[in-house]
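Engineer:
Residue numbers (my numbering): 18 to 570.
What follows is the structure, encoded as structure tokens:
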């Protein structure tokens, strides 16, 4: 079987698996967030944190809950790293330096999971399981809660109430993420991923020195890392490491975990707003972009030049030979079109245009299908922009799901789509202009510029993957990337929740003959075009200096 055919067959198997679970999982999540009953364990949690899960919140109260919970998470994870040296199960590792502890705490709480350290050489069992793995669950649940709040803004009328943040957070963890991650971890263990709390072992001699490996609760963290679109690896090699990703089957299974909740949330959206056709329209938009990017990535990586590439069957540098070019292309596209950041290959070693595709996937806002929660609310923001553009074309006040898109709504949507590009481009410009940050680049020229552009794109979009080749463990990058992650996560949430509150206060607008049908293929096409054009106009100059210049050289 040729490598191209193998890649295509894996893609078809992945699409089939996602199609099978789409309806039941989407319906189940809609039921979870619409239920008025609480599990016993959830009641214990509410009692422990002093929250009343039945109290409805306006958008400002909901936002305060999001920010308060996240601040506590950052402080706790920072302190846990700073005292690691005296914790049991630390494997002899010392406390993490302040700038790196800040960067890592912000990274995992913001669902970014950027890592400027070697996981197997820095973090002990307590920090890995009690700190990082816990944040993998709750940071994902925060994103899902914000998305559900926006959906309620469309579904409700004449009220500013968006539900209860604490209830949405807890249910997302106990009823969705924990059960799915438990099953996924069992599958990974059965296929060869490790799950233990062993210490450091010498496994043999390598180039005149000893080689050591430490164990860990890898399978459980790998499951939620992919399922929650987190991405932080237990080991530095991330999902290219055989302890995390042992076989081609687990590689495809992990891609499935990355995509399953973001795609299924479109069904949840359709059910909660009372029109599954609206959910299918959003799904079609996401799927069109994802499939297009996968096809383009496979083309760039299989279209090779010269005898070395021809003998290898593709651009195999930096790719794990167990998986091949096709599977690596699917993984790279899926991880950068979501907010996952896990990698099974080095994106820096992709072809020039292939590396540009990974960057462009993040620059779209990671909405195809995006992260858990963040992908859905990002896509809905773009849907509002699209109906606004359509309204300008026909001279009619734009409407979406029975809600008028007025001045306030479009300003909030515009602020949402501007904040991340501003962070990426401004911080990249500073890093290139100042003398010190450039010393972290392994390469010069267009590829070196791509290393820095990729880093800030990954951080501000809460992706977490790295281009490789950039030494990011410096005070400059730990600090500025941490700031980019913070602002890139929480400032857009302010606009999303404010928009949700504004929509919930409106009364429904009746459908007329002039109403734009947002559940039709024409609108889905308009939405795809809007996403591509807005991103292209924003980032094209920067892409031209980096991956495009390298790819066309």
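C-beta: ideal position from N, C-alpha, C; glycine also. These numbers were taken from a predicted model, which means no experiment stands behind them.
(1) For residue 487, which of helix, strand or coil comes out of DSSP?
(2) Looking at the secondary structure, which residues open and close the alpha helix (DSSP H) in which residue 495 lies?
(3) Under a three-way DSSP split, which group does residue 417 fall into?
(4) With DSSP as the reference, label residue 229 as helix, strand or coil.
(5) Bridge partners of residue 336, per DSSP?
(6) Between which residues of its own chain and residue 182 is the CB-CB distance below 7 Å, once the five residues before and five after are set aside?
(7) When you compare the stretch 339-349 with the stretch 260-273, are there three or more beta-carbon pairs, one atom per stretch, that lie closer than 8 Å?
(8) Since residue 552 is in the alpha helix (DSSP H), which residue starts that stretch and which ends it?
(9) Excluding the 5 residues flanking residue 66 on each side, which residues of the same chain have their C-beta closer than 8 Å to its C-beta?
(10) Does the beta-carbon distance from residue 238 to residue 145 come in below 8 Å?
(11) Label residue 548 either buried or exposed according to how many other C-beta atoms from any shown protein chain fall within 10 Å of its C-beta, with 16 as the threshold for buried.
(12) If you reduce the DSSP assignment to three classes, tell me which class residue 217 lands in.
(13) So, is residue 18 buried or exposed, given that buried needs 16 or more other C-beta atoms within 10 angstroms?
(14) CA-CA distance, residue 285 and residue 403?
(15) DSSP has residue 458 in a bridge; who is on the other side?
(16) Given a cut-off of 8 Å on the beta-carbon distance, is the pair residue 210 and residue 244 in contact?
(17) Could you compute how far the alpha carbon of residue 364 sits from the alpha carbon of residue 558?
(18) Have a look at the DSSP bridge pairing and note the partners of residue 178.
(19) As a quick exercise: from 501, 459, 139, pick the residue whose alpha carbon is nearest that of residue 475.
(20) Shortest alpha-carbon distance to residue 149 belongs to which of 164, 409, 471, 123?
(21) With residue 378 and residue 467 assumed to form a contact (beta carbons below 8 Å), what rounded beta-carbon distance in angstroms separates them?
(22) Look up residue 114 in the DSSP assignment and say whether it is helix, strand or coil.
(23) Since residue 90 and residue 152 should fall inside the 8 Å C-beta cutoff, what is the C-beta to C-beta distance between them, to a whole number of angstroms?
(24) With H, G and I counted as helix, E and B as strand and the rest as coil, what does DSSP make of residue 185?
(25) Does DSSP put residue 212 in a helix, a strand or coil?
(26) For the 8 Å Cβ check, are there 3 or more pairs between the stretch 498-512 and the stretch 111-125?
(27) How about residue 276 and residue 393: do their beta carbons lie closer than 8 Å?
(28) My assumption, with CB atoms under 8 Å, is that residue 205 sits in contact with residue 254. Please give the rounded CB distance.
(29) Only counting the same chain, and skipping five residues up and downstream in sequence, which positions put a Cβ closer than 6 Å to that of residue 484?
(30) Report the rounded CA-to-CA distance for residue 386 versus residue 242, giving the unit in angstroms.
(31) What separation, rounded to the nearest whole angstrom, lies between the Cα atoms of residue 28 and residue 353?
(32) Go ahead and pull the three-state DSSP assignment for residue 32.
(33) Can you give the beta carbon distance from residue 542 to residue 440, rounded, assuming they're within the 8 Å contact cut?
(34) Closest to residue 257 by CA distance: which of 309, 194, 345 is it?
(35) Please state whether DSSP places residue 234 in a helix, a strand or coil.
(36) Closest by CA to residue 429, which one among 103, 269, 514?
Structural biologist: Reading off the structure:
(1) Strand.
(2) For residue 495, the enclosing alpha helix (DSSP H) has its first and last residue at 492-522.
(3) Residue 417 carries a strand assignment under DSSP once its states are collapsed to helix, strand and coil.
(4) Strand at residue 229.
(5) DSSP, once it has assigned bridges, lists 362 as partnering residue 336.
(6) Hits under 7 Å: 74, 79, 82, 83, 162.
(7) Contact holds: three or more Cβ-Cβ distances are below 8 Å.
(8) Counting along the chain, residue 552 sits inside the alpha helix (DSSP H) bounded by residues 538-562.
(9) Result list for residue 66: 183, in chain order.
(10) Result yes, Cβ atoms of residue 238 and residue 145 sit closer than 8 Å.
(11) Buried: at least 16 other Cβ atoms inside 10 Å.
(12) DSSP, read as helix, strand or coil, puts residue 217 in strand.
(13) It counts as exposed.
(14) Using only the alpha carbons, I get a separation of about 21 Å.
(15) When beta bridges are read from the DSSP output, residue 458 appears opposite 487.
(16) No, they are not a contact pair.
(17) Here the alpha carbons of residue 558 and residue 364 stand approximately 21 Å from one another.
(18) Assignment of beta-bridge partners to residue 178 by DSSP yields 75.
(19) Taking the Cα of residue 475 as reference, the smallest distance to any Cα among 501, 459, 139 is reached at 501.
(20) Here the closest residue by C-alpha is 123.
(21) About 14 Å separates the two Cβ atoms, so there is no contact after all.
(22) Residue state for residue 114 is assigned as coil, using DSSP reduced to three classes.
(23) About 6 Å separates the Cβ atoms of residue 90 and residue 152, confirming a contact at the 8 Å cut-off.
(24) In the structure shown, residue 185 sits in a helix (DSSP, three-state: H, G or I).
(25) Coil, per DSSP.
(26) In short, these stretches touch, since the Cβ pair count reaches three.
(27) For residue 276 and residue 393, no; Cβs fall outside 8 Å.
(28) Contact flag wrong, Cβ pair sits at about 16 Å.
(29) Within the same chain, and ignoring the five residues on either side of residue 484 in sequence, the residues whose Cβ sits closer than 6 Å to its Cβ are 364, 365, 468, 471.
(30) Residue 386 and residue 242 have their C-alpha atoms spaced approximately 16 Å apart.
(31) Cα-Cα distance, rounded: 16 Å.
(32) It is helical.
(33) The Cβ separation is near 30 Å, so there is no contact.
(34) Nearest C-alpha to residue 257: 345.
(35) Residue state, collapsed to three classes: coil.
(36) Among 103, 269, 514, the Cα nearest to that of residue 429 belongs to 514.
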